[in-house]
Amino acid sequence: KGKGASVKARIAIKLLIIGIAIVVADTAIKAFVDATIPMISLATTRAFPYGGIAVFENFYGISFAINHSTNTGAAWGMFGSYQLPLIIIRITAIVMMTWYVFLYRKESSWFVPFTIIIAGAIGNVVDFFVYGHVVDMFHFILWGYSYPVFNVADMAICLGALSLVIVIWWQKHFCKTTEK
């Protein structure tokens, strides 16, 4: 029992480090963007990089800039008029995901994907309390289409969800039994 507890403690510490690293990176980049880059204005600045920092332009039709944009809603600004209900839903979702995966489900292959998702969600919740909105900065133009601006937390949520789908698919197709 002692050896199993120490293994679980080491896993928990590694997951905590991953989560903290994501939240710290997200928070630091947002603070830098908020302090140094003027708010994006597509209405007044029609030319790339829209008042931000050009990383590359027209690389096989793709351009990328660091811009300062805000979002008061969920993904792509949906429900922007409902900030209080959204923050309550976000915090509830973080608590429920944490409880489900780490206390109920206990399937170790789900730990890293959910840690990444939860850390991303925490990063966007922190924004609500620090700025009153989410700060976004990564702006891609994909063959003329201006993709919605996003941040590190958004990337973490998407990559965590994608990795969870891969884990579930892998278990379904290549594992005879899964942990319970």
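Just so it is clear: in the sequence shown, position 49 is 58 by this note's numbering, and no numbers are missing.
All C-beta atoms in this analysis are idealised placements derived from N, C-alpha and C, irrespective of residue type, glycine included.
First and last residue of the uninterrupted alpha helix (DSSP H) at residue i
i	result
residue 183	161 to 183
residue 122	120 to 139
residue 104	92 to 107
Cβ separation of residue i and residue j, assumed to be a contact under 8 Å, to the nearest whole Å
i	j	result
residue 31	residue 141	With 8 Å as the limit, residue 31 and residue 141 do not qualify as a contact, their Cβ atoms being about 22 Å apart.
residue 146	residue 42	5 Å
residue 174	residue 118	Residue 174 to residue 118, Cβ: 12 Å. No contact.
residue 107	residue 127	6 Å
residue 169	residue 122	5 Å
residue 74	residue 57	7 Å
residue 92	residue 81	6 Å
Under 8 Å between C-beta atoms of residue i and residue j
i	j	result
residue 39	residue 136	yes
residue 160	residue 134	no
residue 61	residue 182	no
residue 83	residue 129	no
residue 125	residue 29	no
residue 49	residue 67	no
residue 110	residue 120	yes
residue 20	residue 150	no
Where the beta strand (DSSP E) through residue i begins and ends
i	result
residue 149	143 to 151
Bridge partner(s) assigned by DSSP for residue i
i	result
residue 73	65, 149
residue 79	144
residue 113	Beta-bridge pairing links residue 113 to no other residue.
residue 154	151
**Item:** Length-filtered (3 minimum) beta strand (DSSP E) runs lying within the stretch 14 to 71
**Value:** 62 to 68
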